[in-house]
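The structure appears right after this line, and notes come after that.
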Amino acid sequence: MLKSRIIPCLDVNNGRVVKGVKFQHLRDAGSPVELASLYQQQGADELVILDVAATREARLATLQTIEDVRRQLSIPLTVGGGVGSIDDALRLLNAGADKVSINSAAVRNPQLINEMSQRFGAQCTVVAIDAKMDQGVFQVLTRSGTTAETINAIAWAMEVQQRGAGEILLTSFDRDGTRLGYDLPMLEAVTAHCSLPVIASGGANSVAHMVAAFEHGAHAVLAASIFHDGNLTVAEVKRQLAAAGIEVRQ
Amino acid sequence: MKRVQIINTSVANIRSLQAAFDRLHTPWQLTERADQIVSATHVVLPGVGSFAAAADALDRLEIRQAIIDRIELGRPLLCICLGLQLLGESSEESPNARGLAVLPHQIRRFSTAVKVPQLGWNEVRTAAAGPFKTGAAYFANSFRLLEPPTGWGYSETDYDGPFISSIWRDRTLACQFHPELSGAWGQQLLQNWLET
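Chains as they are written, first to last, in my numbering: chain A, 3 to 252; chain B, 62 to 257.
The structure is reproduced here in structure tokens:
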């Protein structure tokens, strides 16, 4: 039986971890290498690094960050943010990523999902879907939440599966950084229509939020602030999840 | 002097594996040469790409016999993920491609009863005499070996029913999971293998 996974997320800009609310108002949250090592030591099952860099220089710095993190990391590392081509993905893999997450580029050019899956395998191909509720439908957003697409998130999840993605990173724009808990209706709708493993993201502030996500179909939960702020360690989260009957790697 | 030769079968990613050997202070190199594959102190057949692409690489590099000879000679060989599957005769992934046929088995796809690929941590159960202890390992696979091969030790894992998550004989160890991504448990497994 597969374990439910706990995945700390580092939003990285120019070699530093940052954290924002609704994808905006970024503030410094520490060194990526130190945080990655700390979370691994605490029992994190994987790590996600999202490059939120706005400039080319900052983006190059992220490659160095990935190399530095990889050196110490003996758990899987997913990297995303600004990946627009097979070459971008290859650069991240060569720096030490195990999986590459694509988002806006996949919406612009869905064929990129097929190409990545054929070249690197489904297990390496993560599609990040950012979405929010709009007039009764879950609408896909791109470009860090700034652009609303005329795409239904559920239909998109089904399409990325059919194109060969291996995993979906599902972030609720409505919940990101709000600490109100994961978007359970969105999670339930996507996991009901798509058989890929789904990582729930956006809004976690307690173990109860994570339990609810697992009970609504999540295979893994992503969290940032909850860990960066030191309110809870990964180890403590896992103890509480196990006590709540969720099977985790101890 | 120990030196790990990692067989370079494909363009895909083996940085994590290299980083794991770096952490164990063990030098590694990529190799495409049959003579090195036979003579090196330690050899890894890593798991990347599709079954057919890897089988093609074995043909292109003309290293099939070298790997088989190494297994017969009982020299330390670690096969990871697809590396294990390549020991079989064939795979449902690529029905026209030939494996190394060290095992008389076909590698089979998980059924539609489970999410495919299997992606995440799962329990690896071994008998007391195995080369590592029971523990949780990281898997990323859509295909697997279903029956234990005669004459080999093996571990089992449950996903779509039990499957064979690793096998070992003499100093060959083949894992469906990724020890290089399996935390401290995986690091210990690599350390044990390096000491064989």
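The beta carbon of each residue, even a glycine, is placed where N, CA and C say it ideally should be.
Which residues DSSP lists as bridging residue i, in chain order
i: residue 32 (chain A); result: A:19
i: residue 103 (chain B); result: B:65
i: residue 204 (chain B); result: B:170
i: residue 71 (chain A); result: The partner list for residue 71 (chain A) (beta bridge, DSSP) is empty, contrary to what the question assumes.
i: residue 183 (chain B); result: B:198
i: residue 53 (chain A); result: A:14
i: residue 247 (chain A); result: Per DSSP, none; premise fails for residue 247 (chain A).
i: residue 223 (chain B); result: B:219
i: residue 236 (chain B); result: B:141 and B:227
i: residue 201 (chain A); result: A:171 and A:222
i: residue 148 (chain B); result: Residue 148 (chain B) is not bridged to any residue.
i: residue 136 (chain A); result: A:139
i: residue 90 (chain B); result: B:66
i: residue 130 (chain A); result: A:171
i: residue 144 (chain A); result: A:149
i: residue 98 (chain B); result: According to DSSP, residue 98 (chain B) bridges with nothing at all.
i: residue 7 (chain A); result: A:222
Where residue i falls, given that 16 or more other Cβ within 10 Å makes a residue buried
i: residue 218 (chain B); result: buried
i: residue 130 (chain B); result: exposed
i: residue 139 (chain B); result: buried
i: residue 2 (chain A); result: There is no way to answer for residue 2 (chain A), as the model of chain A reaches only from 3 to 252.
i: residue 152 (chain A); result: exposed
i: residue 3 (chain A); result: exposed
i: residue 165 (chain B); result: exposed
i: residue 223 (chain B); result: exposed
i: residue 86 (chain B); result: exposed
i: residue 14 (chain A); result: buried
i: residue 70 (chain B); result: buried
i: residue 169 (chain A); result: buried
i: residue 20 (chain A); result: buried
i: residue 102 (chain B); result: exposed
i: residue 256 (chain B); result: exposed
i: residue 175 (chain B); result: exposed
Through-space distance from residue j to residue i, alpha-carbon basis
i: residue 35 (chain A); j: residue 70 (chain A); result: 7 Å
i: residue 167 (chain A); j: residue 146 (chain B); result: 22 Å
i: residue 249 (chain B); j: residue 29 (chain A); result: 38 Å
i: residue 195 (chain B); j: residue 211 (chain B); result: 21 Å
i: residue 216 (chain A); j: residue 6 (chain A); result: 8 Å
i: residue 77 (chain B); j: residue 54 (chain A); result: 23 Å
i: residue 226 (chain A); j: residue 233 (chain B); result: 41 Å
i: residue 89 (chain B); j: residue 79 (chain B); result: 7 Å
i: residue 145 (chain A); j: residue 83 (chain A); result: 10 Å
i: residue 63 (chain B); j: residue 148 (chain A); result: 53 Å
i: residue 73 (chain A); j: residue 136 (chain A); result: 43 Å
i: residue 137 (chain B); j: residue 196 (chain A); result: 42 Å
i: residue 162 (chain B); j: residue 229 (chain B); result: 15 Å
i: residue 139 (chain A); j: residue 193 (chain A); result: 15 Å
i: residue 204 (chain A); j: residue 186 (chain A); result: 11 Å
i: residue 31 (chain A); j: residue 108 (chain A); result: 29 Å
i: residue 133 (chain B); j: residue 158 (chain A); result: 50 Å
i: residue 116 (chain B); j: residue 233 (chain A); result: 50 Å
i: residue 92 (chain B); j: residue 68 (chain B); result: 5 Å
i: residue 97 (chain B); j: residue 123 (chain B); result: 12 Å
i: residue 91 (chain A); j: residue 16 (chain A); result: 19 Å
i: residue 120 (chain B); j: residue 112 (chain B); result: 12 Å
i: residue 220 (chain B); j: residue 209 (chain B); result: 16 Å
i: residue 77 (chain A); j: residue 82 (chain B); result: 14 Å
Expected contact under 8 Å - CB spacing of residue i and residue j to nearest Å
i: residue 104 (chain B); j: residue 66 (chain B); result: 5 Å
i: residue 133 (chain A); j: residue 142 (chain A); result: 5 Å
i: residue 218 (chain A); j: residue 190 (chain A); result: 5 Å
i: residue 109 (chain B); j: residue 74 (chain B); result: 7 Å
i: residue 242 (chain B); j: residue 100 (chain A); result: 6 Å
i: residue 168 (chain B); j: residue 149 (chain B); result: 5 Å
i: residue 159 (chain B); j: residue 204 (chain B); result: Incorrect: roughly 15 Å between the Cβ atoms, too far for contact.
i: residue 212 (chain A); j: residue 243 (chain A); result: 6 Å
i: residue 103 (chain A); j: residue 171 (chain A); result: 6 Å
i: residue 191 (chain B); j: residue 216 (chain B); result: 6 Å
i: residue 238 (chain B); j: residue 200 (chain B); result: 5 Å
Residue interval of the alpha helix (DSSP H) (run including residue i)
i: residue 158 (chain A); result: 155 to 164
i: residue 213 (chain B); result: Here residue 213 (chain B) belongs to no alpha helix (DSSP H), and DSSP marks it neither H nor E.
i: residue 247 (chain B); result: 244 to 255
i: residue 120 (chain B); result: 112 to 121
i: residue 228 (chain A); result: 227 to 230
i: residue 92 (chain A); result: 88 to 97
i: residue 153 (chain B); result: Residue 153 (chain B) -> no alpha helix (DSSP H), and no H or E assigned at all.
i: residue 77 (chain B); result: 76 to 84
i: residue 130 (chain B); result: 125 to 134
Residue interval of the beta strand (DSSP E) (run including residue i)
i: residue 101 (chain A); result: 101 to 104
i: residue 217 (chain A); result: Element bounds for residue 217 (chain A): not the beta strand (DSSP E) but the alpha helix (DSSP H), 209 to 217.
i: residue 114 (chain A); result: First-last for residue 114 (chain A): 113 to 122, but that is the alpha helix (DSSP H), not the beta strand (DSSP E).
i: residue 188 (chain A); result: Careful: residue 188 (chain A) lies outside any beta strand (DSSP E), inside the alpha helix (DSSP H) at 186 to 195.
i: residue 79 (chain A); result: 79 to 82
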